[in-house]
Amino acid sequence: MGVQAERTGAPVDVLRAAINETWTSLSSVFVNPALRRIELALAGSMIGDWAYSTAVIVWAYGVGGASLIGGWMAVRLLIMAVVSPFGASLADRFDRKRVLVTSDILRAVLIILATLSIIVDAPVLLTLVLATMVAVIGSVFRPAQMAWMPSLTNKPEELTAANGASSTLESLAFFIGPALGALLVTVTNVETVFVLNALTFVLSAVLVLGIRPVAKDTVGSTDDKDPAQEKEGMLSEMAGGFVHIAKDRNLVMIAILTTAQTVVAGASVVFSVLFAVEILGTGPEGVGFVDSMFGVGAIAGGFFAIARSARNRLASDLARGTVLWSLPLILVAVWPSPVAVFAAVILLGFGNPLVDVNFVTIVQRLTPDAVLGRVFGAYEGALIGGMALGAFIMPFAVGHFGIRWALTALALLVGIPSLLFLPRCLRLDATLRPPEGATLLRSIPIFAPMSQAAVESLARGMGRRTVVAGARVLSEGEDSDLFFIIESGRVEVTHAGEVLRHEGPGEFFGEIGLLRDVPRTATVTAEEETELLTIAREDFLDAVTGSEESLTTANDVVTRRLGRI
């Protein structure tokens with residue numbers, strides 16, 4: 097009896113632990129006012145945007161059928177793929193808050209114009225052009241938001257949690273938005289949904305305007321740009337993201353995996369309508385309910401992804417998510433029924449956060465902030481290009497081979513390469529684990545304001561020194577070449593024979609000589625066997641001077657300690 101209870105209790109404990117991890121992560125995000133505002137801004141605008149997308153598809157199907165939807169989506173996405181890298185470069189050139197607000201306001205204005213074009217029965221082309229412009233301007237928002245997120249967080253785990261929260265809110269938007277759009281189109285009309293979306297963009301702009309970033313540095317402002325960057329031509333600046341990705345094999349692999357996923361996403365614009373019309377028998381309005389089932393899977397996947405984030409399996413989970421974005425389509429190909437449609441769509445939705453959360457976090461951790469906006473813009477261009485390809489080829493594939501063979505080919509072409517990349521993703525996971533000493537560094541006030549990438553870079557370069565009891569670590573008047581952190585043990589700090597203080601685990605010394613460029617001002621002696629972590633002079637100065645808040649904190653420490661000598 098006891099063994100049986102133990103066996104049944106283990107899954108419950110695992111589930112409880114996963115729920116606790118998820119709740120803790122989400123709570124840490126929403127107690128941060130800046131993150132709370134950016135997450136709510138994203139959620140509000142995306143719910144309206146998905147409702148609007150449903151309304152546009154219903155309207156386009158009514159005036160031109162599936163061929164108009166596929167053709168328009170392909171053209172729209174190709175334009176976005178070309179424009180996105182340029183638009184995303186704005187996130188590195190200008191204040192990211194200003195970029196986000198401007199994107200929201202312009203989209204609201206364009207959607208009102210699109211509403212008026214339908215009301216006055218303007219040419220179909222005009223409405224499609226306005227809808228395309230909304231999407232093109234919107235392609236700036238997400239890269240700027242993702243590039244800004246590290247500057248709104250206080251610690252590494254908060255960044256991962258924030259990305260998880262974003263994905264979960266996107267999943268809620270996938271569920272609520274299309275269902276709301278389908279309901280409003282059925283009960284009212286397309287114009288009502290358009291107006292609703294315009295209002296969500298206005299709300300998003302108001303929320304973003306109220307954000308006060310963590311004062312780490314002046315990321316995204318024009319005042320601290322590298323002079324070399326200012327001299328870059330427009331084309332070379334746009335290409336900066338692609339160049340950076342091309343130099344990193346891991347970033348190239350991530351680009352292949354995520355682009356493969358978006359090929360299916362683009363094709364889904366077509367096959368979701370066909371699911372609704374040919375399998376569910378609901379007519380084009382049923383696409384909203386298909387998308388809502390996707391949202392149900394995405395919500396579950398979002399909580400799963402957040403719970404998994406602490407295990408640091410970012411790349412392998414991304415590969416698994418890509419597989420889930422494709423192979424379930426074979427179920428519909430083999431058994432084209434409502435049950436198969438909803439099951440496949442829910443599985444696709446479940447895989448979506450595994451791709452989104454892990455993709456964003458990996459890129460943020462592997463990319464310097466100076467090019468982060470352009471790197472996300474390059475990815476955005478590639479991902480949208482993948483969507484354009486999927487939207488373009490799906491109508492032809494269905495027309496020539498039928499929906500069942502088209503789905504099978506799509507699933508295999510995308511799913512098999514994802515499985516082949518899984519071993520490399522496992523190797524990348526090993527390199528993404530925080531290096532030894534990173535947590536200790538993060539606990540020190542001087543390093544706490546720095547980005548996760550900066551802290552991990554310092555940790556990888558740290559040395560280690562063991563000092564026996566009674567031995568001197570450094571002496572007054574020596575050259576200043578290292579910064580010291582006490583991992584274990586205890587030291588005594590003296591000046592001119594007078595004891596200044598005693599320090600233990602988690603405390604540090606050696607910053608005065610480095611920051612003031614003077615010889616050592618004190619003598620440090622181990623009171624017991626002590627384990628020390630060391631950071632070289634150049635690494636310490638580069639890291640501290642690279643963050644305004646870190647430099648201010650370090651100077652405050654120096655001033656306080658010099659005042660006691």
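Numbering (the numbering used here), first residue to last: 97 to 661.
No residue lacks a Cβ here, since even glycine has one placed at the ideal position from N, Cα and C.
Could you check what DSSP says for residue i in three-state terms: helix, strand or coil?
i, result
"Ala592", "coil"
"Arg529", "coil"
"Ala363", "helix"
"Ser514", "helix"
"Ile581", "strand"
"Ala484", "helix"
"Glu603", "coil"
"Val614", "coil"
"Ile458", "helix"
"Glu625", "coil"
"Thr630", "strand"
"Thr314", "Caution is warranted here: a pLDDT of 36 is assigned to Thr314, below 50, making its placement in the model unreliable, and the coordinate value is therefore given only provisionally. In the structure shown, Thr314 sits in coil (DSSP, three-state: anything other than H, G, I, E or B)."
"Val620", "strand"
"Arg404", "helix"
"Thr463", "coil"
"Gly473", "helix"
"Leu423", "coil"
"Thr296", "helix"
"Val587", "strand"
Quick one: using the 10 Å Cβ neighbour count with 16 as the cut-off for buried, is residue i buried or exposed?
i, result
"Trp431", "exposed"
"Ala294", "buried"
"Leu111", "The predicted position of Leu111 is uncertain, since its pLDDT is 49 and thus under 50; no value can be drawn from it."
"Thr562", "exposed"
"Pro424", "buried"
"Lys327", "With a pLDDT of only 43 at Lys327, under 50, the local geometry of the prediction cannot be trusted, and the value read off the model is given with reservation. Exposed."
"Arg308", "exposed"
"Ser163", "exposed"
"Phe492", "exposed"
"Thr318", "At Thr318 the pLDDT is 37, less than 50, meaning the model places this residue with poor confidence; the figure from the coordinates comes in the next sentence. Flag for Thr318 reads exposed."
"Phe605", "buried"
"Asp638", "exposed"
"Val453", "buried"
"Ser514", "buried"
"Asp217", "exposed"
"Gly393", "buried"
What does the alpha-carbon distance come out to for the pair residue i and residue j?
i, j, result
"Ala106", "Ser433", "Low local confidence applies: a pLDDT of 46 at Ala106 is under 50, so the model's placement there is unreliable, with the coordinate-based value given in what follows. About 37 Å."
"Ser235", "Ala439", "30 Å"
"Ala257", "Ala401", "10 Å"
"Arg345", "Phe390", "32 Å"
"Met229", "Phe297", "15 Å"
"Val281", "Leu444", "25 Å"
"His598", "Val620", "9 Å"
"Phe446", "Ala363", "18 Å"
"Phe182", "Val225", "20 Å"
"Lys321", "Leu647", "Legend: pLDDT at Lys321 = 42, less than 50; position of this residue unreliable, value from coordinates given subsequently. One C-alpha to the other measures close to 18 Å."
"Ser576", "Val589", "16 Å"
"Ala592", "Leu658", "13 Å"
"His247", "Ser547", "Going by the sequence as given, residue 247 is Ser instead of His. Rounded to the nearest angstrom, the two C-alpha atoms are 8 Å apart."
"Ile395", "Thr264", "6 Å"
"Leu410", "Gly566", "45 Å"
"Pro519", "Gly306", "44 Å"
"Gly495", "Ala502", "9 Å"
"Arg660", "Leu536", "26 Å"
"Leu292", "Ala275", "14 Å"
"Val435", "Tyr148", "27 Å"
"Ile426", "Phe543", "50 Å"
"Met558", "Trp168", "54 Å"
"Asp313", "Leu506", "Because Asp313 sits at a pLDDT of 39, beneath the cut-off of 50, its placement in the model cannot be relied upon, and the following sentence gives the value as read from the coordinates. Rounded to whole angstroms, Asp313 to Leu506 spans 45 Å at the Cα level."
Taking the alpha carbon of residue i as the reference point, which residue from the options has its own alpha carbon closest?
i, options, result
"Thr463", "Leu637, Leu423 and Asp188", "Asp188"
"Arg192", "Gly609, Leu515 and Arg470", "Arg470"
"Ser553", "Phe636, Gly606 and Gly495", "Phe636"
"Val304", "Val419, Glu374 and Ile201", "Ile201"
"Thr358", "Ala243, Gly398, Gly477 and Gly397", "Gly477"
"Thr655", "Ala632, Arg612 and Thr641", "Arg612"
"Phe385", "Phe399, Ala396, Asn285 and Ser368", "Ser368"
"Val289", "Ala411, Ser300 and Thr211", "Thr211"
"Ile375", "Gly417, Asn408, Met490 and Val428", "Val428"
"Ser180", "Arg133, Ala240 and Phe126", "Ala240"
"Ile153", "Val365, Glu574, Ile542 and Leu516", "Val365"
"Val302", "Gly140, Met245, Met176 and Thr223", "Gly140"
"Phe472", "Leu174, Leu221 and Ile350", "Ile350"
Taking 7 Å as the line, does the beta carbon of residue i fall inside it for any heavy atom of the ligand NAD?
i, result
"Ala440", "Judged by which ligands are present, the structure shown has none, so any question about the ligand NAD falls away."
With 8 Å set as the bound, which would you pick, yes or no: does the beta-carbon of residue i sit closer than that to a beta-carbon of chain D?
i, result
"Glu552", "No chain D appears in the structure shown, which is made up of a single protein chain."
List, from N- to C-terminal side, the alpha helix (DSSP H) runs of 4 residues or more that fit wholly inside the region 211-278.
220-248
Would you list, in sequence order, the uninterrupted beta strand (DSSP E) runs of no fewer than 3 residues that lie entirely inside the region 364-393?
Counting whole runs of 3 or more residues, the region 364-393 contains no beta strand (DSSP E) stretch at all.
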